[in-house]
Amino acid sequence: MDAFLRGQSSTASSSKLKQQTGEETAGSSNKRVVVPWVEKYRPRSVDEVAYQDEVVSVLKKSLEGADLPNLLFYGPPGTGKTSTILAIARQLFGPELMRSRVLELNASDERGIQVVRDKVKKFAQLAASGIRTDGTPCPPFKLVILDEADSMTPSAQAALRRTMEKETKTTRFCLICNYAIQELIKISEGDMRKAITYLQSAQRLKGEDVVEADDISEIAGVVPSKMADKLFEACGSDSFEKLDATVQEIIAEGHAAAQVINQVHDRIIEMADLNDHQKSAIMEKIAIVDKCLCDGADEYLQILSLCSVMMQQFCHAGQT
Numbered sequence: 003m004d005a006f007l008r009g010q011s012s013t014a015s016s017s018k019l020k021q022q023t024g025e026e027t028a029g030s031s032n033k034r035v036v037v038p039w040v041e042k043y044r045p046r047s048v049d050e051v052a053y054q055d056e057v058v059s060v061l062k063k064s065l066e067g068a069d070l071p072n073l074l075f076y077g078p079p080g081t082g083k084t085s086t087i088l089a090i091a092r093q094l095f096g097p098e099l100m101r102s103r104v105l106e107l108n109a110s111d112e113r114g115i116q117v118v119r120d121k122v123k124k125f126a127q128l129a130a131s132g133i134r135t136d137g138t139p140c141p142p143f144k145l146v147i148l149d150e151a152d153s154m155t156p157s158a159q160a161a162l163r164r165t166m167e168k169e170t171k172t173t174r175f176c177l178i179c180n181y182a183i184q185e186l187i188k189i190s191e192g193d194m195r196k197a198i199t200y201l202q203s204a205q206r207l208k209g210e211d212v213v214e215a216d217d218i219s220e221i222a223g224v225v226p227s228k229m230a231d232k233l234f235e236a237c238g239s240d241s242f243e244k245l246d247a248t249v250q251e252i253i254a255e256g257h258a259a260a261q262v263i264n265q266v267h268d269r270i271i272e273m274a275d276l277n278d279h280q281k282s283a284i285m286e287k288i289a290i291v292d293k294c295l296c297d298g299a300d301e302y303l304q305i306l307s308l309c310s311v312m313m314q315q316f317c318h319a320g321q322t
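Sequential numbering from 3 applies to the sequence shown in our numbering.
What follows is the structure, encoded as structure tokens:
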């Protein structure tokens, strides 16, 4: 009996030792896991999304009715597009249903038509089942997140459109795009026909390659940012020879004078280092130049005349 009890106590002590060892191993393994800060501090709810007040207010209204529409997020990389939609998904479905209700395809995934047929279509056809453990109402739809959707092949985009139309009752889609869409919206100035035409021309130019923001600008005839910067630098140099050479370069590259004055107009408005008097003098000259161009005046002379006024305001505004 004593031997039996000693054996039992030794067995219990060994099992306790194994349990402690296992806990220490688990603890040490947890210490080895380093979570990136971009994941650790990613917003968990829409309220935690910073510096996007207008977007957050619109999304919160959609969440109140639990009726999320299809979404298009655009903007430069790293501005919180993916984090925002993941916060929405977590708030809608809860952490327990995120895995079964959300399909996320990021930049590392294949973007061909086969992915749309195999992954997206099959996921969209699944029934949305499951309830949240906290008792919060869960919407009866799933969410597909397509990051960098502007890099999808044309055939995949066509297949995706059909899937979106067919599965609208059970699935919502969020398309996340980068610079190209943002540039397209800016250049088209709210004209949808112009935007579609530019996008089609860019696709024909690039083929299967990704359409970049510079491609949209080139097709739309926009003066490149580097050339616009060079023009403003020449206006601030107080050198008429340098200004004349820059204007001649712009004309030689085939940029339209009307486009030049439009971009000058937009940039002058946003310049914080100019006072109202300087801006009004330049705007008055822009109006005169615009009228002269409509009357058929020489583009080179009109741009040079406008830039001369800009140089005077940049360099000699305080002189009488």
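Think of the CB as a built atom: it goes at the ideal place given N, C-alpha and C, for glycine as much as any other residue.
Between the C-alpha atoms of residue i and residue j, what's the straight-line distance to the nearest angstrom?
| i | j | result |
| --- | --- | --- |
| residue 92 | residue 157 | 31 Å |
| residue 214 | residue 277 | 35 Å |
| residue 45 | residue 88 | 8 Å |
| residue 30 | residue 36 | Confidence at residue 30 is low in this model, with a pLDDT of 47, below 50, so the placement of that residue is unreliable and no value is reported for it. |
| residue 60 | residue 139 | 20 Å |
| residue 240 | residue 205 | 42 Å |
| residue 69 | residue 166 | 16 Å |
| residue 288 | residue 243 | 22 Å |
| residue 40 | residue 262 | 41 Å |
Quick test of your reading: residue i and residue j, contact by CB under 8 Å. State the CB separation rounded to the nearest angstrom.
| i | j | result |
| --- | --- | --- |
| residue 84 | residue 149 | 6 Å |
| residue 229 | residue 252 | 6 Å |
| residue 246 | residue 306 | 7 Å |
| residue 236 | residue 304 | Contact doesn't hold; Cβ gap of about 16 Å is too wide. |
| residue 283 | residue 311 | 7 Å |
So who's on the other strand from residue i, going by DSSP bridges?
| i | result |
| --- | --- |
| residue 75 | 178 |
| residue 173 | 144 |
| residue 105 | 146 |
What's the call for residue i, buried or exposed, on a 16-neighbour Cβ count within 10 Å?
| i | result |
| --- | --- |
| residue 257 | buried |
| residue 63 | exposed |
| residue 273 | exposed |
| residue 211 | exposed |
| residue 315 | buried |
| residue 23 | Any reading at residue 23 must be qualified, since the residue scores a pLDDT of 46, below 50, and its modelled position is unreliable; the value itself is stated next. Residue 23 should be labelled exposed. |
| residue 124 | exposed |
| residue 27 | Bear in mind that the predicted position of residue 27 carries a pLDDT of just 45, short of 50, making it unreliable; the figure below should be weighed with that in mind. Under this definition residue 27 is an exposed residue. |
| residue 161 | buried |
| residue 178 | buried |
Any 3 or more C-beta pairs closer than 8 Å across the segment 305–319 and the segment 271–291 = With a cut-off of 8 Å, the segment 271–291 and the segment 305–319 count as touching, because enough Cβ pairs lie within range.
Counting pairs of beta carbons, one from the segment 182–196 and one from the segment 216–224, are three or more of them closer than 8 Å?
-> Look at the beta carbons and you see the segment 182–196 touching the segment 216–224: at least three pairs across the two are nearer than 8 Å.
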